[in-house]
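In our numbering, the protein residues as written are 658 to 740.
Even glycine gets a Cβ: it sits at the ideal position worked out from N, Cα and C.
The structure appears below as structure tokens.
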Amino acid sequence: MQCIRCQQHPSQIEEYKEAAYDMEMSPESYVRMDEGTYHSRTDFFCCTSCYVALGAPVLPDLIGMYEHAMGKDGTIIPFPTQK
Ligand SMILES: [Zn+2]
658 MQCIRCQQHP
668 SQIEEYKEAA
678 YDMEMSPESY
688 VRMDEGTYHS
698 RTDFFCCTSC
708 YVALGAPVLP
718 DLIGMYEHAM
728 GKDGTIIPFP
738 TQK
């Protein structure tokens, strides 16, 4: 599980660490349960700062990015450098 843009794991992102601590669960469980951008098939999510940096895409667009990033053989293609 990683953010589509910064490629950080939930346990590396402050907002999820804090929320997960408050709810006494792991950052990963928190994202799986409560992060609206989490997509289970590709196992990507988009952290808040990246979501804003991407221009707050609607969910179907975001999932399109996830599917593009997840290569056919399951290899993750690094997200292109932001403008
Ligand atoms: Zn991110």
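Would you say Pro667 and Glu681 are within 7 angstroms of each other, going by their C-beta atoms? no
Any heavy atom of ligand 1 closer than 6 angstroms to the beta-carbon of Arg662? Checking the Cβ of Arg662 against ligand 1 gives yes.
On the three-state DSSP scale, how would you describe Gln739? Low per-residue confidence applies at Gln739: pLDDT is 48, beneath 50, and the placement is therefore not dependable enough to give any value.
Which one or two residues does DSSP pair with His696 in a beta bridge? Phe701
Find out if the Cβ-Cβ distance for the pair Met658, Asp700 is shorter than 7 angstroms. yes
When the distance is taken between beta carbons, is Ile733 closer than 7 angstroms to Cys704? no
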